Amino acid sequence: MKKLLVLILLITFVSPLFAFDFFATLDDEEGLVGTESAKPKELTSLFVEGFGTYHPLDKDDPFDYGISLGVTFEENRDRIRTEVDFSFSPILRDPLSVRTLAVTFFFGPTNLKVGMFTHPWGTSTTLHAVDILNSQDLTQGILDNPEAMKKSEFMIVYNAYFKRSSLDLIIKPFYRPIDMEASDRYAPIDTDNLMGTSFSHGGMEIPIDSDNIRVGIYQHPTFWKALGGGGRFRFGIGDLDLGFMYFSGFYPQMGFDIGAKLKMKPHPLDPTQYIPDKVEVTSIDFDFTRYHLAGTEGSLLVGPVTIAWEGGLFLSEDIKGEKPEKYNTKAMAVVELSYTEPKTSFFASAAYQGQYLFGDVTPTVNQTLDVAIPVDYIASFLSDKPYSSSVAVAFELPLMRERLKVRMAATYGIENRGLVALGSLGYEINDSLSVYARGAYYDGFGDKKSLFKNWENNSSVTIGMNAWF
Amino acid sequence: MKRVFFMLLLILVPALLIAAPSAARIMDLVIDTQKADTAAMDLRLTLIEANGTERERRIQTLSRTIDDKTSIITVFLSPESVKNTRFLSVEGEDATDQWIYLPALKRVRKISASEEGGSFMGSDFSYSDMASTTYDADEATHRLIEETPTTYVVESIPKTVKSYGKNIATVEKDTYLPLKVEFYAPDGTTLLKTLTTLETGTVGTRPITKVVEMKTIATGHTTRLEMLQVRYDVPIPSAYFTARFLETGRL
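Chains as they are written, first to last, in my numbering: chain Z, 1 to 469; chain R, 470 to 720.
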């Protein structure tokens, strides 16, 4: 970690720095008409963010606060671009967060980017189906910019641009799982109570006993065994942009090999008969699922509205869906309508996302009373439906000559009835100082289980400030 | 009689020879003065509120015109909230295509083209003001309403009224640069904005406005636009006007 920090500092402060400047490509000083050099000197941005959050429903721990210090830096040389973007937040479990540490080499219409960074796939802005190259950080809840929730990963990306088409090829040598809390505020599941109090089986609600579980040692796929890679080809015809992609890699969500037994008890009215008493979970071992994605993305401008879509088949290594610890094959699609008002920069979108799981996703009990709990069943918060869908709406409205920005976004799971609504107001006091207030509302309607129902005590109000130097 | 006619000719011909060009010709010359096959500009916009508070935006814009079709790429350099945003506009046979690259989303989005109006980066300039603050002979009906020893004052009423119903431009005779432009609402009487040239200069032999200020009358908000660097008719590779540059910021 120290070496990384030293490297970042060296790159940041030793190199000569400048951003995009067409005039720097010209040989002479002719055309300089201002009283000062026009070449951008702002090279490196240092920023400080401080915030305080209040969770009114969390009586035990209602307040959070934090501060983070960050550096973003970009240097463009003739054929090389260096980018560094990291932040240091002393209160976080991993204080140093590297969002970008990458070098790009340019060769005519192609380039090669190597390092830690995020690489987006997909054409929609809120919900995605094929934006799978980077795992997510769920330790801070849901943010209104999906890109900000992504974790950088070590990747090698080769981009080639043609007249109206482009190709990107990706190699990911390492495995980086999704970041989530095992316990604490943003833990996706209640670990004290495992997945909930019970699950339905054979028309009965059977309690889960999650005491005395042996949890296996977490060990994710090692170097080269974790190797992932793929490519995407995009092209445009008139107002239509279309892309096709293939990727082979591991799901960032880990799977679970759960050892569980169905315990029986005598029927209270007829002791000669036995009925299910509880499911006793004895062990959890981690597992990982390799998949192959064959997908597509596209967008079409129809009048003032952009129609964007993403879709793909995620072919699991467990093709028949027989292994409960592996994720099943699934098909997923997103359709989004969005509108950008060129006069005001107002942006609004509405999106629908649906997925269908192939194979069995319900728990089964064999003759020796071993219970197989598919990981897809757990991931869908004990839903035995093979399908799920959600809708999302979002808008952004700049006001007061872009000094004030109003943002709203909400996502609702149609089957699990989980809701998250996010809103924020950002106000630019001056060019280097802004303040914001934002709210997050998590809820789950009815008795359905969902991530957002688990987080319903995490609804919050945050105020904060950003300063750049 | 012949003598009288000859005398009239002697008086009138020199007067006709030195008469002012027509208003339409003046406004065409204003446009021609600023016209170039390619242009690269490094601009600073200072947004000044009525109470004097200032905010600053920096952009570089490259444009290229081929067969009367103009392509423009604009790169936003500062402040942090918009840094590295890139905006591409390509004029086609039937319509203008526009794309924007948003660094926060790391994606290029194609958007519908704005015909006119709309604040450019929160400034007092609209997108159409950034392209031109005057109309050429075909776009408006022009009338010379005043002439001084150094300036022409031309009233222009656009043939298709969009954001403005009337412009009154004060044009410097020597350079054909607009020294002042008044923009009126579609009703033709309410003054909306005034553009004032604070400083002029030359690049090579071409006269340019170096510093201009646009003031919105209703709010008192002003935007000062300074040309820090400008180059005309320099080679600008076509690769700047592509999705590649939009996405990578590099040729």
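By construction, the Cβ of each residue, glycine as well, lies at the ideal position given by its N, Cα and C atoms.
Predicted model only: the values in this text are computed from it and were never measured.
- The alpha-carbon of A573/R is positioned some 29 angstroms away from that of K453/Z.
- Rounded to whole angstroms, F652/R and G464/Z show a C-alpha spacing of 41 angstroms.
- Distances from the CA of L127/Z to each of L101/Z, K405/Z, G354/Z were compared; the closest alpha carbon is that of G354/Z.
- With respect to G426/Z, K405/Z sits close: the two C-beta atoms are nearer than 8 angstroms.
- In terms of CA proximity to M400/Z, S588/R leads the group E615/R, S588/R, F545/R.
- Taking a Cβ-Cβ threshold of 8 angstroms, the residues of chain R close to N111/Z are T717, R719, in chain order.
- Closest option to A379/Z, judged by alpha-carbon separation, among V391/Z, M254/Z, R407/Z: M254/Z.
- Apart from the 5 residues on each side of it in sequence, V365/Z sits with its Cβ closer than 6 angstroms to the Cβ of L262, V371 in its chain, given in chain order.
- CA-CA distance, V281/Z to T139/Z, rounds to 26 angstroms.
- Residue-level contact check: E297/Z does not touch chain R, since none of the beta carbons of chain R fall below 8 angstroms from its beta carbon.
- With a cutoff of 8 angstroms on beta-carbon distance, G236/Z and M245/Z are scored as not near each other.
- Taking all protein chains shown into account, R214/Z has fewer than 16 neighbouring C-beta atoms within 10 Å of its C-beta and is therefore exposed.
- Put simply, the backbone Cα of H220/Z is about 33 angstroms away from that of V391/Z.
- In the structure shown, A394/Z falls within a strand segment according to DSSP collapsed to helix, strand and coil.
- As far as DSSP is concerned, M496/R takes part in no beta bridge.
- Look at Y377/Z here: in three-state DSSP terms it is helix.
- For E428/Z, the enclosing beta strand (DSSP E) stretches over residues 418-430.
- Among the bridge pairs identified by DSSP, Q529/R is matched with D511/R, V544/R.
- Take A708/R, set aside five residues on each side of it, and the residues of its chain with a beta-carbon closer than 8 angstroms to its own are F714, L720, in chain order.
- Under the three-state reduction of DSSP, F22/Z is assigned to helix.
- Leaving aside the five residues that flank E396/Z on each side, the residues in its chain whose CB is nearer than 6 angstroms to its CB run, in chain order, F347, R407.
- Against chain Z, the CB of E549/R has a partner CB under 8 angstroms away; the residue lies at that interface.
- Burial check for D270/Z: the Cβ neighbour count within 10 Å stays below 16, so the residue is exposed.
- By the Cβ neighbour-count rule, I373/Z is buried, with 16 or more other Cβ atoms within 10 Å of its own.
- In the three-state reduction of the DSSP assignment, S597/R falls in the helix class, which pools H, G and I.
- DSSP places Y54/Z within a strand segment (E or B) once states are collapsed to three.
- Sequence-distant Cβ neighbours of T639/R in its own chain, meaning closer than 6 angstroms and more than five residues away, are T620, V622, L648, K649.
- Using beta-carbon distances, F346/Z does not count as an interface residue toward chain R, since no partner is under 8 angstroms.
- Residues of chain Z with a Cβ closer than 9 angstroms to the Cβ of S581/R are, in chain order, L301, G303, P304, V305, T306, Y339, T340, E341, P342.
- When the beta-carbon positions are compared, R693/R and V672/R stay at least 8 angstroms from each other.
- Secondary structure note for L613/R: its beta strand (DSSP E) is the uninterrupted segment 609-616.
- Contact annotation: in the region 425-449 of chain Z, residues whose CB is within less than 8 angstroms of a CB in chain R are E428, N430, D431, S432, S434.
- It is roughly 15 angstroms from the alpha-carbon of D431/Z to the alpha-carbon of N553/R.
- When CB distances to chain R are screened at a threshold of 7 angstroms, the residues of the region 136-162 of chain Z falling below it are N145, E147, Y161, in chain order.
- Around the beta carbon of L516/R, 16 or more other beta carbons lie within 10 angstroms, which makes this residue buried.
- For the options I284/Z, D285/Z, E310/Z, the alpha carbon positioned closest to that of L293/Z is the one of E310/Z.
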